[in-house]
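Listed in order, the protein sequences are those of chains A, B, C and D. In case it helps, UniProt numbering puts the first sequence at residues 1 to 243. In case it helps, UniProt numbering puts the second sequence at residues 1 to 243. In case it helps, UniProt numbering puts the third sequence at residues 1 to 243. In case it helps, UniProt numbering puts the fourth sequence at residues 1 to 243. Even glycine gets a Cβ: it sits at the ideal position worked out from N, Cα and C.
4 protein chains.
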Amino acid sequence: MNVVVWNENRHEKSNPMVAEIYPNGIHGAIAEFLEEDQIHVKTATLDEEDHGLTDELLNETDVLIWWGHKAHDEVKDDIVEKVHKRVLEGMGLIALHSAHFSKIFKKLMGTTCDLKWREADETERLWVVDPSHPITEGIGEYIELEKEEMYGEHFDIPAPDQLIFMSWFEGGEVFRSGSTYQRGKGKIFYFRPGHETYPTYYNKEIQRVIKNGVKWVNNVNTPAPVYGNAKPLEEITKKQVKQ
Amino acid sequence: MNVVVWNENRHEKSNPMVAEIYPNGIHGAIAEFLEEDQIHVKTATLDEEDHGLTDELLNETDVLIWWGHKAHDEVKDDIVEKVHKRVLEGMGLIALHSAHFSKIFKKLMGTTCDLKWREADETERLWVVDPSHPITEGIGEYIELEKEEMYGEHFDIPAPDQLIFMSWFEGGEVFRSGSTYQRGKGKIFYFRPGHETYPTYYNKEIQRVIKNGVKWVNNVNTPAPVYGNAKPLEEITKKQVKQ
Amino acid sequence: MNVVVWNENRHEKSNPMVAEIYPNGIHGAIAEFLEEDQIHVKTATLDEEDHGLTDELLNETDVLIWWGHKAHDEVKDDIVEKVHKRVLEGMGLIALHSAHFSKIFKKLMGTTCDLKWREADETERLWVVDPSHPITEGIGEYIELEKEEMYGEHFDIPAPDQLIFMSWFEGGEVFRSGSTYQRGKGKIFYFRPGHETYPTYYNKEIQRVIKNGVKWVNNVNTPAPVYGNAKPLEEITKKQVKQ
Amino acid sequence: MNVVVWNENRHEKSNPMVAEIYPNGIHGAIAEFLEEDQIHVKTATLDEEDHGLTDELLNETDVLIWWGHKAHDEVKDDIVEKVHKRVLEGMGLIALHSAHFSKIFKKLMGTTCDLKWREADETERLWVVDPSHPITEGIGEYIELEKEEMYGEHFDIPAPDQLIFMSWFEGGEVFRSGSTYQRGKGKIFYFRPGHETYPTYYNKEIQRVIKNGVKWVNNVNTPAPVYGNAKPLEEITKKQVKQ
């Protein structure tokens, strides 16, 4: 399985606080804990040529993890089209946190993906609402994060195929913070936590969910649909009789 | 309730067979049967200025019905954006038949919306799989159409929120031919039948389904979500204690 | 439309605090506000013969509202069977609050319907997560109840067909507090609020949701499926050719 | 992973034609092809004590496959209760063909699970409608069975969480023939084919789907929900301030 962690990697350069928390970038931190499980991981970032997402790389990628925030608009439309095509062909996608507003996520959802937000160092508690889902393997009834950014409903997404986590926030809001979608042959997992100013991606339970997510979105060898004009599989003869 | 029936209205001009079946256009035929129920209906077509979809009209439209086929690409992107915005704001949308490939439907779905097809004068039988759904009111276990174009799976759409009809085709295929989606405040109904060379929209059961669909997608006065930065509804005080 | 409000009506008899809040019983309070909308309402209670649910009444009932709590086990199994049959035939069902543990709701869900709970006079805030749903008509982004019993996840229900409300509780939990299901021809709405020691059913927004729910679960004249051995609709002749 | 294949095993004893096709019983045939994949399989049948489903066996079973048809009523209710409890605790369940009418499947669904049927040696074609689903791994666009019993809609089940296969039948019907459900911690897969008088379980594609299903319903180490009275996770202090 080939995993690519894509990161905007801008906060890390402009905000010393973020750079201190994630000295190797958010992509670096995510790649590190995935590699613990002998997963083959590459990283790519916005400021590389083609944002690091060459055709060669995309074609061999099984799972793409996406983190972006303040430069969504700088992601080139042709790259978004290529990623979109690959998802429909079966490449798994994990959209993390502020990737809710990324071009690729919005294109796959068909909605604005807008939400409420607040930075107030408040507690988030992610409750498991589907304990049958493999993405919850190895974690407890809930994950508690002492300080996170708040994302609140209404979250303008299609009704998820599967709703796995619902967040409680200290300031009074709730949020559908773990949800899955199917698009074409591709599987998509949106997972809310991970504001750049908190060390969320070092949390072992959050890491476990992302690892589980990588396994879950990875889609091996399912059927390739055929589209377009199709010959009949059965004789169409009765109509003459009826006439 | 204000309903607008939008039609490409090109086959009617170029193909005498279609013109004979639908002398007032497909939009005219649909408007006629809706008006039987005292529904206020307007029509709009591709070749009008702004495709007949002015801001004024769109803003007062509760339900938009869309039929298009061979000129999807001629629909201007800015009009698609406006229709998309109105759907998210709560305008109901009914996409008929080949509107599966319309820009607006594809944008709302996030997928290619591709499928198999064949024109072979074959029987279609639409089976009701959700007899609790108001869209099935007044019809029987299935609707049989003696001759229709075939649409076959795989249909590249997100898993429908509600699957209402499944079609059987004489040539050996099946199709999810009646399905609903929610996007923002808007409700969407996709309904398969209605190839331009068949008199499908004169079928009383098909008319009944579309009438039911109009009622079902019409969304009255549901909450307007507020997005963006949000003040807390509860005091966020505990964090200082914890530190 | 004929609506029946069924209530256990035991707390009202044994707990003076409840009797003071609901002098005509919870069923009486619910019937009263429904009647404001010219809905035809009857009530039935546990201690009546057949719990007030005669065959005649059930057969003419379009929507049944159910409130029960401490005497679920006293509801006779044959009455539960009759209600179950009527739901599958198309009678709408609204299960309120502690009716999550009623025999009829558990039978329709197929799960334990267990949950977390706490009586601590805490704030509940019901957030709308599906602003396209008619059950949310006329209310705001959320409904706030100053004091309610807490119900917390995990709520052991099947994934709802539609999730409409998610509750935030002051003590740190969340809950899927408004959800819908389809079973046979019947539509079901579960709505969480309404602990007997709080005046929740006098809240205008809660009343609005229940009124909307009544309209939504009411199912008029959808198809009656035919089951059992079925003659073919098409000739089955090809097999001989193949052999 | 421990798999148990449960079979009624009555047709095999009373119908020589079935005995000839399945000399080791349907359970034997299924166990055989699962063992090709180094899966640890046991079998159990109706006429054994406790139908072969002892507490010890159930407690160590990860996945239970169920085939029954003419003796559903002979399955003891207490055994059904035990199987139900184990499913909610996380044991995967695959219900095959006529198990749609088994006590355990009906209890988990909450509906009659009724359908249309016909034995007429007709062609079934199972179309993949969700090519992102791991249960479709390794198969083509559709599976064709030359002769099978027909099952037709309406199939009285709750709307599936995931619909994977839709069947076309020569005689004119369609059927939701591969669907999944979640109940508690348990995952459920219903798969239609497998009438006792046809050699369906020797079909390599059908075997592949069942093998994929076994992997998919197997649920490892997801969270164990805690139910009942719960202490608050946050201080509930504000109410006094408000009063």
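C-beta neighbour in chain A for residue i, strict 8 angstroms
i             : result
LYS242/D      : Here LYS242/D scores only 42 on pLDDT, less than 50, and its place in the model should not be relied on; the value that follows carries that caveat. Chain A, which has no Cβ nearer than 8 angstroms to the Cβ of LYS242/D, makes this no.
ASP130/D      : yes
residue 286/D : Outside the displayed span of chain D (1 to 243) sits residue 286/D, for which this structure offers no information.
GLU205/C      : no
GLU234/B      : yes
LEU57/B       : no
LEU88/B       : yes
Whole-angstrom distance between residue j and residue i, CA atom to CA atom
i        : j        : result
GLY90/C  : GLY184/C : 7 angstroms
PHE169/A : GLU122/A : 7 angstroms
ASN9/A   : ASN7/B   : 46 angstroms
VAL214/D : ILE65/D  : 8 angstroms
LYS103/A : ALA71/A  : 10 angstroms
LYS211/B : VAL41/B  : 12 angstroms
SER14/C  : HIS27/C  : 16 angstroms
LEU53/A  : ALA44/A  : 7 angstroms
LEU58/A  : HIS100/C : 48 angstroms
LEU163/C : THR237/A : 47 angstroms
HIS69/B  : ARG176/B : 19 angstroms
ILE157/D : GLU235/B : 46 angstroms
LEU233/A : VAL80/A  : 37 angstroms
TRP117/D : TYR198/D : 15 angstroms
LEU34/C  : LEU126/C : 21 angstroms
LYS242/D : GLU146/C : Because LYS242/D sits at a pLDDT of 42, beneath the cut-off of 50, its placement in the model cannot be relied upon, and the following sentence gives the value as read from the coordinates. Whole-angstrom Cα-Cα distance: 9 angstroms.
GLY140/B : ASN203/B : 14 angstroms
LYS107/C : GLY228/B : 42 angstroms
GLY194/D : VAL5/A   : 44 angstroms
GLU196/D : VAL75/A  : 57 angstroms
GLU148/B : ASP47/B  : 27 angstroms
Proximity test, Cβ basis, 8 angstroms: residue i and chain D
i        : result
ALA19/B  : no
LEU145/C : no
THR61/A  : no
LYS133/A : The sequence shown places His at residue 133/A, rather than the Lys named in the question. With 8 angstroms as the cut-off, HIS133/A counts as an interface residue toward chain D.
HIS11/C  : no
DSSP beta-bridge partners of residue i
i        : result
SER167/B : LEU126/B and PHE175/B
ILE65/B  : VAL5/B and ILE94/B
GLN162/D : THR180/D
ILE188/A : LEU93/A and TYR181/A
ASN229/D : TRP117/C
GLU60/D  : Its beta-bridge partners do not exist; DSSP assigns none.
GLU235/A : According to DSSP, which records beta bridges pairwise, GLU235/A is partnered with nothing at all.
ILE143/D : LEU126/D
HIS40/B  : ASN2/B
GLU148/C : GLU122/C
Interface flag, residue i vs chain B, CB-CB below 8 angstroms
i        : result
THR111/C : no
HIS154/D : yes
ALA230/A : yes
LYS82/A  : no
GLU141/D : yes
THR136/C : yes
Contact with chain C by residue i, beta-carbon distance below 8 angstroms
i        : result
PRO158/D : yes
GLU36/A  : no
THR237/B : no
LEU53/D  : no
GLU148/B : no
Q) Taking Cβ-Cβ distances below 8 angstroms as the criterion, which residues of the region 162-186 of chain B are in contact with chain A? A) Result list: GLU170, GLY171, GLY172, GLU173, TYR181, GLN182, ARG183 and GLY184.
Q) Using 8 angstroms as the threshold, is the region 208-223 of chain B in touch with the region 130-143 of chain C, meaning 3 or more CB pairs across them? A) Enough Cβ pairs lie closer than 8 angstroms, so yes.
Q.
Under 8 angstroms, CB to CB, which of the residues in the region 114-126 of chain A have a partner in chain B?
A. Answer in chain order: ASP114, LEU115, LYS116, TRP117, ARG118, ALA120, ASP121, GLU122 and THR123.
Q.
Residues of the region 212-228 of chain B in Cβ contact with chain A at a cutoff of 9 angstroms, in chain order, please.
A. The residues in question are PRO223, PRO225, VAL226, TYR227 and GLY228.
**Q.** Touching by the beta-carbon criterion (3+ pairs, under 8 angstroms), the region 186-194 of chain B and the region 93-106 of chain B
**A.** Touching, yes, given that three or more Cβ pairs across the two stretches are closer than 8 angstroms.
**Q.** Residues, ordered as in the chain, of the region 96-107 of chain B that lie near chain A by beta-carbon distance below 8 angstroms
**A.** Of all residues in the region 96-107 of chain B, the ones placed with a Cβ closer than 8 angstroms to any Cβ belonging to chain A are LYS107, in chain order.
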